[in-house]
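K.L.:
Just passing along the structure, written as structure tokens.
Protein chains: 2
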Amino acid sequence: MRIVLIGFGNVGQSFARIVIKDRDWLVKNYGLEPQVTAIVDSRGSCRDDNGLNLDRVLKVKEKYGTVQKYPASVESKTSIQQIISSVEAEAVIETTPSNFENGEPGLTNIRQSLTARRHVVTSNKGPLALAMPALLELASHTRMQLRFSATVGAGTPFLTFASKCLPGEKILGIHGILNGTTNYILTRMEEASLSFQKALAEAQEKGYAERNPTNDIEGLDTAAKIVIIANWILKRRMSINQLKVTGIQEILPQRILRAKKSGTRIKLIGRLTDSEATVRPEEVPVDDPVCVPGNLNALSFSTEHAGDVTLIGRGAGGEETASAIIRDLVDIRTEYSI
Amino acid sequence: MRIVLIGFGNVGQSFARIVIKDRDWLVKNYGLEPQVTAIVDSRGSCRDDNGLNLDRVLKVKEKYGTVQKYPASVESKTSIQQIISSVEAEAVIETTPSNFENGEPGLTNIRQSLTARRHVVTSNKGPLALAMPALLELASHTRMQLRFSATVGAGTPFLTFASKCLPGEKILGIHGILNGTTNYILTRMEEASLSFQKALAEAQEKGYAERNPTNDIEGLDTAAKIVIIANWILKRRMSINQLKVTGIQEILPQRILRAKKSGTRIKLIGRLTDSEATVRPEEVPVDDPVCVPGNLNALSFSTEHAGDVTLIGRGAGGEETASAIIRDLVDIRTEYSI
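These protein sequence lines are chains Z and B, in that order. The first sequence begins at 441 in the working numbering and counts up one residue at a time. The second sequence begins at 441 in the working numbering and counts up one residue at a time.
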């Protein structure tokens, strides 16, 4: 399968490393031979219709900070759109950062890829949070696959679980922790009696929080994931503006302490039921399966006959996110034999 | 899909109730219309090639303790084998109790059903614990499906999760709590400082433990599930005799207390790695996702790229188990269009 990779940060580079390492295994077990024919990063791009040498691309990226210096680089004025439409590829992997204002540049990249009849695998929540119904419709119209396992739970297959593991069972609602950054902050506020600001600073030091942590702490990241689950699993067409969202930035240590004394913990919970879609801090009993520590994610599915089923895993990380992209490619490969 | 139902206890009756309640929904969503053409219980059987009236069968069972009194009952000397081979059906559901001595009567029922070219869905762990490699081979030889989602986790789809949600990912090992009875006993020993005997008595009172609790407390039930996971998920051909199994019957309150003081809990853990397959009490840190309370089950999959992924849910219950049987039927229906 020939692939154009847009975005070559942590996730994109992790993807390249897994492809290098697992190539033989993927071919043998799934008939999947990913061949990256172009890579676009924020400062340039490179292409080779016979397949880029990924080892070499990674070295160039490390040395120069952009893939533009790769021997077979692309004329620097070439637009992403030109690359999407002119490079030989069956699939586009979109890993630019999530933008919840207008979804760009991911939104345009995904639209153009589907229109150019490329399957799309993305780890970018922005376009889906803002325009998922329209993007699903476009994919359906162009008969291309649009996959986004990596957007919810990174390597933990929350979406796949809901769509493949519960046939014949009705999902009545879901709730859980979908953001590791806020979970880490809240955990540390309790464990070490830190203020919100101190816990945030610690999370930033450890690389669990971004320098601009707004999307995480204000709940937008969780809200985007709830939107994706609503559209994909519960077939409810909605966008992020329809959610009531409260973040954790105003949580005081006293509130954490009060919760602890009553056998609960404050967690930023995303929740979807028939009647509501919310993101807000909630008190969760300590022995509830979704009450996970550190930067773990946990999502509980309420089912009609099997009761509550909860899935727990790391919700972030370059390698974890890249593994979800690989899963999506395997799925597309299995369905399309490309 | 026409079905012969063998075993009409809690699981079989729950299955009948779900079929009555969800019939229209299953037809509409999955094209699955389960039609039960015969039911066998320990004291008799009934059949109707045009489909039994399940409401009526349930009433007869409740009133007389056997389905034999159903109007269209079967000549009382008819053997199960005759019913399997003569009743019109595409599938046999086998829900007789698990027997880890010789697997009977389930083992014979499953063999004969596959040989008579019926798909088999079973909730019976005994035959699989003792002879899973042979049964899988027989199913493959007769080109029939042998499904057993209900045997591990009841309604919680541990097996489906591992086989469908992690394509392109390597499962390096698994470990977890696969028996709700022992988990309930251990939880109560800690929570209420009970002795093993008292906690067991309480579990029996609440219906969480059977009158003869040997299979649960000695670890055989967990071991059977480990065997099923080993064969199905890790493709390792093994049977229950190859496992090292230690139960919880000799756990003293002091050991529970010691663990508690060190921030852990004693849990009966089934574990599969490249080099070992064990069932034994282990100390699990309280904030480990598999450290679940009450009678919950939890299974953690160690993966190469996505880290540990843990699935938690109820591991028992008639309705929960029946929901797994429905899932298997939906899967067979989807693959075979019957």
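Using N, Cα and C, we set each Cβ at its ideal position, and we do this for glycine too. As the structure is a prediction and not an experimental result, all values here were calculated from the model.
Mind checking which residues open and close the beta strand (DSSP E) that includes residue 442/B?
P.N.:
Residue 442/B -> beta strand (DSSP E) spans 442–446.
K.L.:
Let me make sure I understand the geometry here. Which of 770/B, 511/B, 672/B, 480/B has the alpha-carbon closest to that of residue 523/B?
P.N.:
Ranking 770/B, 511/B, 672/B, 480/B by Cα distance to residue 523/B puts 480/B first.
K.L.:
Does the beta-carbon of residue 412/B have 16 or more other beta-carbons within 10 angstroms, so that it is buried, or is it exposed?
P.N.:
Shown here, chain B extends from 441 to 778; a query on residue 412/B therefore has no answer.
K.L.:
Can you tell me whether residue 610/B is helix, strand or coil according to DSSP?
P.N.:
The answer is coil: DSSP assigns residue 610/B none of H, G, I, E or B.
K.L.:
Sorted by chain position, which residues of the same chain lie with C-beta nearer than 7 Å to residue 594/Z's C-beta, five sequence neighbours on each side aside?
P.N.:
Cβ within range, chain order: 754, 755, 756, 757, 760, 761, 764.
K.L.:
Just to confirm the assignment: which complete alpha helix (DSSP H) runs, minimum length 4, are found wholly within the region 519–563 of chain Z?
P.N.:
Taking only runs of at least 4 residues, the alpha helix (DSSP H) segments lying wholly in the region 519–563 of chain Z are 520–526, 546–555.
K.L.:
Please name the residue or residues paired with residue 724/Z in a DSSP beta bridge.
P.N.:
In DSSP, residue 724/Z forms a bridge with 705/Z.
K.L.:
Within this structure, are the beta carbons of residue 743/B and residue 606/B separated by less than 8 Å?
P.N.:
For residue 743/B and residue 606/B, yes; Cβs fall inside 8 Å.
K.L.:
How would you write the range of the beta strand (DSSP E) that residue 480/Z sits in, first residue to last?
P.N.:
Residues 475–481.
K.L.:
Specify the secondary structure class of residue 586/Z as computed by DSSP and reduced to three states.
P.N.:
Of the three classes helix, strand and coil, the one that applies to residue 586/Z here is strand, per DSSP.
K.L.:
Could you tell me which whole beta strand (DSSP E) segments of length 3 or greater appear in the region 612–643 of chain B?
P.N.:
Those beta strand (DSSP E) runs which fall completely within the region 612–643 of chain B and span 3+ residues do not exist here.
K.L.:
Is the CB-CB distance between residue 666/B and residue 710/B below 8 Å?
P.N.:
Cβ distance < 8 Å, so residue 666/B and residue 710/B count as in contact.
K.L.:
So the alpha helix (DSSP H) residue 452/Z belongs to, where does it begin and stop?
P.N.:
First-last of the alpha helix (DSSP H) with residue 452/Z: 450–470.
K.L.:
Compare the C-alpha of residue 672/B against each of 572/B, 655/B, 685/B and name the closest.
P.N.:
Ranking the options by Cα distance to residue 672/B, first place goes to 572/B.
K.L.:
Decide if residue 501/B is buried, meaning its Cβ has at least 16 other Cβ atoms within 10 Å, or exposed.
P.N.:
Flag for residue 501/B reads buried.
K.L.:
Please report the straight-line C-alpha distance between residue 663/B and residue 641/B, rounded to a whole angstrom.
P.N.:
About 23 Å.
K.L.:
Out of 699/B, 472/B, 520/B, point me to the one whose CA is closest to residue 553/B's CA.
P.N.:
If we check each option's Cα against that of residue 553/B, 520/B comes out closest.
K.L.:
With H, G and I counted as helix, E and B as strand and the rest as coil, what does DSSP make of residue 566/Z?
P.N.:
Three-state result, residue 566/Z: helix.
K.L.:
By Cβ distance, which residues of its chain are closer than 8 Å to residue 714/Z, with the 5 residues on each side in sequence left out?
P.N.:
The residues are 612, 613.
K.L.:
From this set, 701/Z, 625/Z, 720/Z, which residue's C-alpha is nearest residue 647/Z's C-alpha?
P.N.:
The shortest Cα separation from residue 647/Z among 701/Z, 625/Z, 720/Z belongs to 625/Z.
K.L.:
Hey, is the region 444–462 of chain B in contact with the region 527–534 of chain B, meaning 3+ C-beta pairs nearer than 8 Å?
P.N.:
At 8 Å Cβ cutoff, the stretches touch.
K.L.:
Are residue 712/B and residue 668/B touching if we call contact CB-CB under 8 Å?
P.N.:
Contact flag unset, no.
K.L.:
List the residues of chain B whose Cβ lies closer than 7 Å to the Cβ of residue 609/Z, in chain order.
P.N.:
Here the neighbours are 763, 767.
K.L.:
Any beta carbon of chain Z sitting closer than 8 Å to that of residue 588/B?
P.N.:
Not an interface residue.
K.L.:
Span of the beta strand (DSSP E) holding residue 756/Z?
P.N.:
That residue, residue 756/Z, is in no beta strand (DSSP E); it is neither H nor E in DSSP.
K.L.:
Taking 7 Å as the cut-off, is the CB of residue 445/B close to at least one heavy atom of the ligand COA?
P.N.:
This structure lacks the ligand COA, and indeed carries no ligand of any kind.
K.L.:
Helix, strand or coil: how does DSSP classify residue 717/Z here?
P.N.:
Correct three-state label for residue 717/Z: strand.
K.L.:
Just the Cα atoms here: how many angstroms apart are residue 551/Z and residue 602/Z?
P.N.:
Using only the alpha carbons, I get a separation of about 26 Å.
K.L.:
Tell me whether residue 604/B sits in a helix, a strand or coil according to DSSP, three-state version.
P.N.:
Reduced to three states, the DSSP call for residue 604/B is helix.
K.L.:
Suppose contacts are defined by Cβ-Cβ distances below 8 Å. Is residue 802/B in contact with residue 510/B by that definition?
P.N.:
The requested residue 802/B does not occur in the structure, where chain B is confined to residues 441 to 778.
K.L.:
To the nearest whole angstrom, what separates the beta carbons of residue 498/Z and residue 453/Z, a pair I think is in contact under 8 Å?
P.N.:
The pair is a contact, with the Cβ atoms about 6 Å apart (cut-off 8 Å).
K.L.:
Cutting at 6 Å between CB atoms, please list the residues of its own chain near residue 685/B, excluding the five before and the five after it.
P.N.:
Result list for residue 685/B: 659, 663, 719, in chain order.
K.L.:
State the CB to CB distance for the pair residue 700/B and residue 721/B, rounded to an integer number of angstroms; the pair is presumed to be in contact (CB under 8 Å).
P.N.:
That pair is no contact at about 14 Å.
K.L.:
Hey, out of 688/Z, 677/Z, 508/Z, 631/Z, whose CA is closest to residue 655/Z's CA?
P.N.:
Of the listed residues, the one whose Cα sits closest to residue 655/Z is 688/Z.
K.L.:
Just to confirm, is the Cβ distance from residue 565/Z to residue 538/Z under 8 Å?
P.N.:
Taking 8 Å as the Cβ cut-off, residue 565/Z and residue 538/Z qualify as a contacting pair.
K.L.:
Of the residues that make up the region 596–623 of chain Z, which ones have a beta carbon closer than 7 Å to any beta carbon in chain B?
P.N.:
Here the close residues are 596, 597, 600, 601, 604, 605, 606, 607, 608, 609.
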